[in-house]
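Numbering (this note's numbering), first residue to last: 51 to 236.
The next block holds one structure in the form of structure tokens; read it before the comments.
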Amino acid sequence: MTTGGDAINEATIISRLGHRTALMSRIGKDAAGQFILDHCRKENIDIQSLKQDVSIDTSINVGLVTEDGERTFVTNRNGSLWKLNIDDVDFARFSQAKLLSLASIFNSPLLDGRALTEIFTQAKTRQMIICADMIKPRLNETLNDICEALSYVDYFNSCFLILPRQNYSPGKRHWMKLLTAFLRAA
């Protein structure tokens, strides 16, 4: 088993580059949650705002990769990833940071457009730079659902922008359409 997911991967790499990082999320009080805590301590990632909740299981995803490189993840819809919500965001910590990286839009369904707008508004009030990326919508969300929130994003990251055109599968073409719409909205 390894840790993974955009937020912890970003925190790990940025910490290894010598910068202070903090992970703000929600995990269960279970073996997988302990594994994440141990990783964060080893990588010098601040876990003060990483909430442990005895009533949920820490999300575990199993990644499957097809021959053409498309990835699919099997996940527990009752895990922490699906339970993370705006109440888990420690807004008081925002004043201690210069940058907020939201990894990833659509990853936690309870962080909908309204919640994202509130998070980003709070970050902008504290003059934070906002970075974000997104995954494929889990519950048929659309760009319209997050349009207001996207207006606060300073830097939008997507690995699909660096793929050679001939490598686009139908799923990747969907992403290019979404990103084109995002750029037009900006």
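Backbone N, C-alpha and C fix where the C-beta goes; we use that ideal spot for every residue, glycine too.
D118 has its alpha-carbon roughly 18 Å from the corresponding atom of V112.
G78 and S130 have their alpha carbons spaced roughly 7 Å apart. Secondary-structure assignment with DSSP links Q102 through a beta bridge to I77.
Contact between Y202 and I180 is confirmed by a C-beta separation of about 6 Å, below the 8 Å threshold. Linking T192 to N157 through their CA atoms gives a straight-line distance of about 13 Å. In this structure S151 is buried. Its beta-carbon is surrounded by 16 or more other beta-carbon atoms within 10 angstroms.
Distance check between G163 and each of I196, N190, V139 and F144 places I196 closest, using alpha-carbon atoms only. Collapsing the DSSP output to three states places S145 in a helix.
Around S154, the same chain offers D56, D183, M184 and I185 as residues with beta carbons nearer than 7 Å, after the five sequence neighbours per side are excluded.
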